[in-house]
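J.:
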Ligand SMILES: Nc1ncnc2c1ncn2[C@@H]1O[C@H](COP(=O)(O)OP(=O)(O)O)[C@@H](O)[C@H]1O
Ligand SMILES: [Mg+2]
């Protein structure tokens, strides 16, 4: 559990972070979203003490971070930045081994851990491991950066715009990988981004920042359905809020008993995907598959549309 | 590009018309030119011209750098061998006091063949290890030529024979001056550079002061050091016993050291401040302590720039150590200045040639070493 207690950071008298109090649950992914200069990076960097708060405290599992020597604290916290910051004179494998080496793990254990992580992140250890960073593609370098951050099994991972430099296709893949790895390992993640779509896609909770303050801290569905301030609404973009909401909810939630003609909707489909399929194939009822791939019911068009409205939204 | 370097083939052919050797009645007499035919005889000169013609024709048509190298190296070696044989031939029916040295034609042909060789080498784009190999091969070849005795009749070699003990002694002093002052400058300059990289405010004043030192001409700096070092020798107990004096080795050593500092300190600062921001940020974020970051990240990444400075400084020191002879520091400069005093060209060469060779080899080795560093640019 991460607790920010009235944390502020002043630069030349100006607050980059202004009296922020937040509690982040263990094992969740919190997306911090906001425009450039809103203090996201400063807030993130106060967790691993790359920035010292001017006032307030940051606690990890109840312990004040200020009481732990910075180097020791940081070895327990993964850190990923946009430019990857890979050490250019080391191979990908050696980069990944950085923190285990600092911690003095036995060599064989480090080697095994590097292989394991590369496999988790779908990097071929034999092909990619010996390469220097300049020999990696953007997506590969980014994954090596994530592997390096996870090497010493940190319970907490800090990510500062980790996907900002990737093209849209690779970014989608990287986001999906992060979600998978985070669930698999149960890591607590704080992810900074200026992209609300990314925050909605990845965050269990979203903290919207503006001028050093938290404007809203809530689950994605709640943020979309009920933006707390005009700024949050602006950040969401008015136009496609309904689709955003529909892309968050699984279609299976509104399945009814019964049967329908035509190809089945896959088990994990969202409401948005169900609607798109209906429009594309000219059907108003779709059979939907369960986890075992067999039909478990039908999804009706008016139910999809009704579900796309926010709970407290316009009737 | 090949067309442009081929221009060199024209003066290379023309160099055959210039005097190949110089004949002196004794070691300080004025030189008389000797043509290729006079030096090598009709048969020898014909063979030499035929070989030169073949080499030029080959270099006109061959593009492959390795083959061009295969022509340039034998060309260079045969030039030197021809000089050695020619000197022996001319010396055979001359009085013992007579001296035979290389003439303008030889020097020009040697330079041009050398340029063609370097061009072919550059085109091969050898890796660092291959470059080290070439440097070692060149040293071995020169060693072999000198040791074989074919050059024994050349005037420079006669100068060497008459003072071989002094040659090696001064060579040792030259190395000590150039490399010793370099070593001390590295030991002081790199930590100073590290400190300045961390303290931007001190950077300008310190680098400014070191730049000011560079602008002092070397002879003036030697002169300026005579008084303070003389005072130290006279007043600091034990200093004189350590060899510290107003003239001699000490002021030359200190002067070279002072000249070395600017490139080393400036490049250390540039190398360290050139480490990408994201890399230092990641290093800090991973939990590397300041010292760990310095040794594992900052210094390896700055090393190519620091080694570049080391190369500049060593070449500069090897050259400048010659001037130290003026204040009694010894080194190869001793022969140069003695030679100037006696108007004995060969003695000047005895000091100058090893200096040039030393600078050349040092530069090549450090250049290759820079390429072997893990932080070298890809
Ligand atoms: N080291 C610093 N010195 C002075 N001002 C800073 C420093 N770091 C950040 N700031 C200022 O703090 C504000 C927030 O910066 P930052 O946290 O980087 O924003 P974000 O990551 O949201 O773009 C900005 O106005 C920035 O100029
Ligand atoms: Mg930022």
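Chains as they are written, first to last, in my numbering: chain A, 32 to 346; chain B, 20 to 397. Note that the Cβ used here is the ideal one computed from N, Cα and C, for glycine as well.
1) For residue 308 of chain B, which option in A:280, A:189, A:161, A:100 has the closest C-alpha, if you only look at C-alpha atoms?
2) Find the nearest neighbour of residue 30 of chain A within the set A:177, A:76, A:274, judged by alpha-carbon distance.
3) State yes or no: is the C-beta of residue 42 of chain A nearer than 6 Å to some heavy atom of ligand 1?
4) Let me know if residue 339 of chain A comes out buried or exposed under the rule of 16 or more other beta-carbons within 10 Å of its beta-carbon.
5) Check whether chain A comes within 7 Å of residue 316 of chain B, counting only Cβ atoms and requiring the distance to be less than that.
6) Should the region 117 to 124 of chain A be regarded as contacting the region 159 to 177 of chain A, the criterion being three or more beta carbon pairs within less than 8 Å?
7) Please list the terminal residues of the continuous alpha helix (DSSP H) segment that includes residue 142 of chain B.
8) Reducing DSSP to helix, strand and coil, say where residue 301 of chain A ends up.
9) Is residue 72 of chain A near ligand 2, with its Cβ less than 6 Å from a heavy atom?
10) Between the C-alpha atoms of residue 138 of chain B and residue 24 of chain B, what's the straight-line distance to the nearest angstrom?
11) Which residue spans inside the region 227 to 264 of chain B form an unbroken alpha helix (DSSP H) run of at least 4?
12) Please return the same chain residues whose Cβ sits closer than 8 Å to the Cβ of residue 38 of chain A, not counting the five positions on each side in sequence.
13) Run the CB neighbour count on residue 294 of chain B, radius 10 Å, all protein chains shown included, and call it buried at 16 or more, exposed below.
14) Would the C-beta of residue 62 of chain A count as close to ligand 1, meaning under 6 Å from any of its heavy atoms?
15) What does the alpha-carbon distance come out to for the pair residue 261 of chain A and residue 254 of chain A?
16) Using a Cβ-Cβ cutoff of 7 Å, what residues of the region 344 to 367 of chain B are near chain A? List them in chain order.
17) Run the proximity test for residue 68 of chain A: is its beta-carbon closer than 6 Å to any non-hydrogen atom belonging to ligand 1?
18) Show which residues of chain B have a CB atom less than 7 Å away from the CB atom of residue 129 of chain A.
19) Run down chain B in chain order and give the residues with a C-beta less than 8 Å from the C-beta of residue 110 of chain A.
20) Please state the DSSP three-state secondary structure of residue 114 of chain B.
21) Is any heavy atom of ligand 1 found at a distance shorter than 6 Å from the C-beta of residue 47 of chain A?
22) Along the chain, where does the beta strand (DSSP E) that runs through residue 61 of chain B open and close?
23) State the CB to CB distance for the pair residue 320 of chain A and residue 327 of chain A, rounded to an integer number of angstroms; the pair is presumed to be in contact (CB under 8 Å).
24) Measure the beta-carbon distance from residue 60 of chain A to residue 33 of chain A and round it to whole angstroms, keeping in mind my assumption that it falls under 8 Å.
25) Among A:225, A:173, A:218, which one has its Cα closest to the Cα of residue 201 of chain A?
26) Does any C-beta atom of chain A lie closer than 7 Å to the C-beta of residue 298 of chain B?
27) In the DSSP output, what is residue 71 of chain A paired with across the bridge?
28) With residue 327 of chain B and residue 389 of chain B assumed to form a contact (beta carbons below 8 Å), what rounded beta-carbon distance in angstroms separates them?
29) Hey, is the region 123 to 131 of chain B in contact with the region 180 to 196 of chain B, meaning 3+ C-beta pairs nearer than 8 Å?
30) Going along chain A, which residues have a C-beta under 9 Å from residue 320 of chain B?
31) Using a C-beta cutoff of 7 Å, does residue 106 of chain A count as contacting chain B?
32) If we ignore side chains and look at the alpha-carbon of each, how far apart do residue 116 of chain A and residue 239 of chain A end up?
33) Use the C-beta contact count for residue 71 of chain A: other C-beta atoms within 10 angstroms, 16 or more gives buried, fewer gives exposed.
34) Could you tell me the distance, in whole angstroms, from the CA atom of residue 286 of chain A to the CA atom of residue 297 of chain A?
35) Would the region 101 to 121 of chain B count as touching the region 163 to 175 of chain B if we require 3 or more Cβ pairs under 8 Å?
36) 7 Å is my cut-off, CB to CB: does residue 183 of chain A come that close to chain B?
T.: In terms of the structure at hand:
1) If you number the second chain from 1, residue 308 of chain B lands on position 289. The shortest C-alpha separation from residue 308 of chain B is found at A:100.
2) Only positions 32 to 346 of chain A appear in this structure, which leaves residue 30 of chain A out of reach.
3) Counting from 1 along the first chain, the entry for residue 42 of chain A is found at position 11. Yes, the beta carbon of residue 42 of chain A sits closer than 6 Å to at least one heavy atom of ligand 1.
4) Working through the first chain from its first residue, we reach residue 339 of chain A at position 308. Label assigned to residue 339 of chain A: buried.
5) Against the second chain, residue 316 of chain B aligns to sequence position 297. True, the Cβ-Cβ gap to chain A drops below 7 Å.
6) yes
7) On the second chain, residue 142 of chain B is found 123 positions in, with the first residue counted as 1. Taken as a continuous stretch (DSSP letters only), the alpha helix (DSSP H) holding residue 142 of chain B covers 123 to 143.
8) As a position in the first chain, residue 301 of chain A is number 270, starting the count at 1. Here residue 301 of chain A sits in strand by DSSP.
9) As a position in the first chain, residue 72 of chain A is number 41, starting the count at 1. Under cutoff, so the answer is yes.
10) Here residue 138 of chain B refers to the residue found at position 119 when the second chain is read from its first residue. Here residue 24 of chain B refers to the residue found at position 5 when the second chain is read from its first residue. Residue 138 of chain B and residue 24 of chain B: Cα-Cα distance of roughly 8 Å.
11) 237 to 254
12) Taking the first residue of the first chain as position 1, residue 38 of chain A is located at position 7. Only 48, 50, 51, 52, 74, 77, 84, 86, 87, 88, 89 meet the Cβ criterion.
13) Taking the second chain and counting its residues from 1, the one referred to as residue 294 of chain B is at position 275. Residue 294 of chain B is buried by the Cβ-count criterion.
14) Along the first chain, read from residue 1 onward, the residue named residue 62 of chain A stands at position 31. Checking the Cβ of residue 62 of chain A against ligand 1 gives no.
15) On the first chain, residue 261 of chain A is found 230 positions in, with the first residue counted as 1. On the first chain, residue 254 of chain A is found 223 positions in, with the first residue counted as 1. Roughly 12 Å separates the two Cα atoms.
16) none
17) The sequence position of residue 68 of chain A within the first chain is 37, counting from 1. Yes, Cβ of residue 68 of chain A sits closer than 6 Å to a heavy atom of ligand 1.
18) In the first chain, the residue the question calls residue 129 of chain A occupies position 98. Correct list: 305.
19) Mapped onto the first chain, residue 110 of chain A falls at position 79. Simply 301, 304, 305.
20) One-based indexing of the second chain puts residue 114 of chain B at position 95. If DSSP states are grouped into helix, strand and coil, residue 114 of chain B belongs with coil.
21) Walking along the first chain from the start, residue 47 of chain A turns up at place 16. Yes, since a heavy atom of ligand 1 falls inside the 6 Å radius drawn around the Cβ of residue 47 of chain A.
22) Position 42 of the second chain holds residue 61 of chain B. First-last for residue 61 of chain B: 55 to 80, but that is the alpha helix (DSSP H), not the beta strand (DSSP E).
23) To locate residue 320 of chain A, count along the first chain from 1; it is residue 289. To locate residue 327 of chain A, count along the first chain from 1; it is residue 296. Indeed, because the Cβ distance is near 7 Å, the residues count as touching under 8 Å.
24) The residue given as residue 60 of chain A occupies position 29 in the first chain. The residue given as residue 33 of chain A occupies position 2 in the first chain. Rounded, the Cβ-Cβ distance is 12 Å, inconsistent with contact.
25) Looking up residue 201 of chain A in the first chain gives position 170. Residue A:173 is the option with its Cα nearest to residue 201 of chain A.
26) In the second chain, counting from the first residue as 1, residue 298 of chain B sits at position 279. It does; some Cβ of chain A falls within 7 Å.
27) As a first step, residue 71 of chain A must be located in the first chain, where it is residue number 40. In the DSSP output, where bridge partners are listed per residue, residue 71 of chain A has none listed.
28) Within the second chain, numbered from 1, the residue matching residue 327 of chain B stands at position 308. Within the second chain, numbered from 1, the residue matching residue 389 of chain B stands at position 370. The pair is a contact, with the Cβ atoms about 6 Å apart (cut-off 8 Å).
29) no
30) As a position in the second chain, residue 320 of chain B is number 301, starting the count at 1. Within chain A, the residues near residue 320 of chain B are 118, 119, 120.
31) Indexing the first chain from 1 puts residue 106 of chain A at position 75. With 7 Å as the cut-off, residue 106 of chain A counts as an interface residue toward chain B.
32) Translated into positions along the first chain, residue 116 of chain A becomes position 85. Translated into positions along the first chain, residue 239 of chain A becomes position 208. If you take the alpha carbons of residue 116 of chain A and residue 239 of chain A, they lie about 26 Å apart.
33) As a working mapping, residue 71 of chain A is identified with position 40 in the first chain. Buried is the call here.
34) The sequence position of residue 286 of chain A within the first chain is 255, counting from 1. The sequence position of residue 297 of chain A within the first chain is 266, counting from 1. If you take the alpha carbons of residue 286 of chain A and residue 297 of chain A, they lie about 13 Å apart.
35) yes
36) Here residue 183 of chain A refers to the residue found at position 152 when the first chain is read from its first residue. Answer no: the Cβ-Cβ gap between residue 183 of chain A and chain B never drops below 7 Å.
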